[in-house]
Amino acid sequence: MISRLPLRARLALLTAAAVAIAIGASAAACWYITANELRGDLDSSLTTAMISMGWVDNLNKRCGGTPPDTEQNAPPARITGQMLKSDGTRCIDSEDTAIQVTASDLAVAANKKAKPVLRTGIRDNGTRVRVLTLHTPRGATMMIARPMSELEDPLNRLGVLLGVVGGGGILTALGTGLLVARSALRPVNRLTAAVEHIARTEDLKVRIPVSGRDEIARLSQSFNSMTAALESSRDHQQRLIADAGHELRTPLTSLRANIDLLVRSNQTGRPIPAHKRDALLGSLQAQTTELTSLIGDLLELSRPEAIQPTTAAPTPLHNSVDRALQRARLRGPHISFVTDVQPWYVQGDPASLERAVVNLLDNAVKFSPPGGRIEVQLRKGELTVRDYGPGISAEELPHVFERFWRSPSARSMPGSGLGLSIVAHTVQRSGGSVALQPAYGGGTMARIHLPGAPQATSGIGHLVTGL
């Protein structure tokens, strides 16, 4: 039932319950200790009452038929007594003070060496009393008593007082719990309102004010970080879609125009000259290849950027570099390649790593002059590709790894502007880093650093995933 209540009400009830348990335990302990102290005082008063023996002698004389000495001391206040004979008969002072006799009292009267008996008893009129039965120095067996009301009345008043004070404390705790719960849950309410607003409007720009360093502040910070990451991811997706749409529009428009030209030629029965038809088919083939390459690049970039732990065998990066060099030599037969590739094993996807290296080499081939030279070196996890082309200006360097970005000098060349973005994406997914910089003496130097080892070992995965 309590699980259906709001969190604020549950916190208030739990606070009140905790306070009620504490107050109840404290009240019970107080009542118990007070009861023991009062009972001890009552029993002690019965024991010390025997010191004043004058009233006992008066009672003994009265029971023996001798007139009592009226000048003798009276018994202490509220203490009454009676004499108990061995045959069980009582000699009482008055009917109102007569105490009922029990078997333990008779045992004391019958055996003068018996120990005193201290118990709770009843008078003939029904009054509860505390009774002490013992032998006096005069040889008589006395039963002296004091009303239990002296003990019970203060305890009853104390119980009522503790109940009133405890009840007030519980009510106060309930009200305080409500105020504390309302204050403590105010940040949670703000967080809930922000989540509901985002769910309703999809507005990821909402941020929650953070104050303090408690758990609520940490939760707010985590929520703000999550919304910021979601906003960044959505912005990247929207920008990728917009850029992809822009880049796809050109080859699709050209494809549609060429196909429409072929369709109209067939519909009208007017054939296209052979040389123009061959040029048209060649254009279609080139546009289809460009479109296929662009779609493949987009699919590569759509893969998650997070580094995932893997149990696959280490990838020989030097083999990927060798295969990429073979493909680059076919694409740039007029270029000479100077290579120094040493063994290096990394954790990553072999196909993706090879594609990244191919993109770097293609970029170097594209900007190298005829008869130029490209230097490729792989040592201790660092791959460098250096060309002797026109180089990259300082203004263009910050943008080289952006998606669909192309320098003004390269816009007339084939390509989608995604090659270097794929390189950065693949290297970062494998736990490495990549950078481009102007080379000394002209040209461009590309550097890729990937963690790994010169030999295939099982610990490479930890090197990558632990970064």
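Here the sequence shown stands for residues -27 to -1, 1 to 440, where the numbers follow mature numbering (1 follows the signal peptide of the UniProt record, and there is no 0). All residues carry an ideal CB built from backbone N, CA and C; glycine is no exception.
For ASP295, the uninterrupted alpha helix (DSSP H) segment begins and ends at 290 to 304. Ranked by how close their Cα comes to the Cα of THR261, the residues LEU272, ASN231, GLY185 have ASN231 in first place. Secondary structure note for HIS372: it is in no alpha helix (DSSP H), with a DSSP letter that is neither H nor E.
Inter-segment contact for the stretch 136 to 145 and the stretch 80 to 93 is absent: fewer than three beta-carbon pairs are separated by less than 8 Å. Annotation: the continuous alpha helix (DSSP H) that includes GLU10 extends over -21 to 21.
Judged by beta-carbon spacing, SER325 lies beyond the 8 Å limit of THR265, meaning their Cβ atoms are not closer than that value. Between VAL168 and PRO323, the alpha-carbon positions lie close to 42 Å from each other. For GLN428, the three-state secondary structure derived from DSSP is coil. With a contact defined as Cβ atoms closer than 8 Å, ARG119 and LEU19 qualify at about 6 Å. Under the three-state reduction of DSSP, LEU134 is assigned to helix.
Linking PRO289 to GLU355 through their CA atoms gives a straight-line distance of about 13 Å. Leaving aside the five residues that flank THR312 on each side, the residues in its chain whose CB is nearer than 6 Å to its CB run, in chain order, VAL349.
With respect to the 8 Å criterion, ALA190 and SER184 are classified as neighbours on the basis of their beta carbons.
Residue environment analysis places GLY13 among the exposed positions, since fewer than 16 neighbouring C-beta atoms fall within 10 angstroms of its C-beta.
In this structure, the beta-carbon distance from ILE52 to MET116 does not fall below 8 Å. Taking C-beta atoms as the reference points, ARG346 and SER309 count as a pair closer than 8 Å. Taking LEU391 as reference, the option from LEU370, ALA329, GLY414, GLN211 with the minimal CA-CA separation is ALA329. Only exposed fits PRO182, as fewer than 16 other CB atoms lie within 10 angstroms of its CB.
Between LEU409 and LEU370, the beta carbon gap of about 6 Å places them in contact (Cβ cut-off 8 Å).
Each residue's CA atom was taken as its position, placing THR114 and LEU57 some 5 Å apart. Between GLY415 and GLY344, the alpha-carbon positions lie close to 16 Å from each other.
The criterion of a C-beta distance shorter than 8 Å is satisfied by ASN332 and ILE395. Listed in chain order, the non-local C-beta contacts of LEU225 below 8 Å within the same chain comprise LEU264, local neighbours out to five positions each way being set aside.
Under DSSP, MET115 shares a beta bridge with MET56, LEU107. ALA154 is a Cβ neighbour of LEU(-17), given a cutoff of 8 Å. Inclusion of ARG96 and THR70 in the CB contact set at 8 Å is warranted, their separation being smaller than that value.
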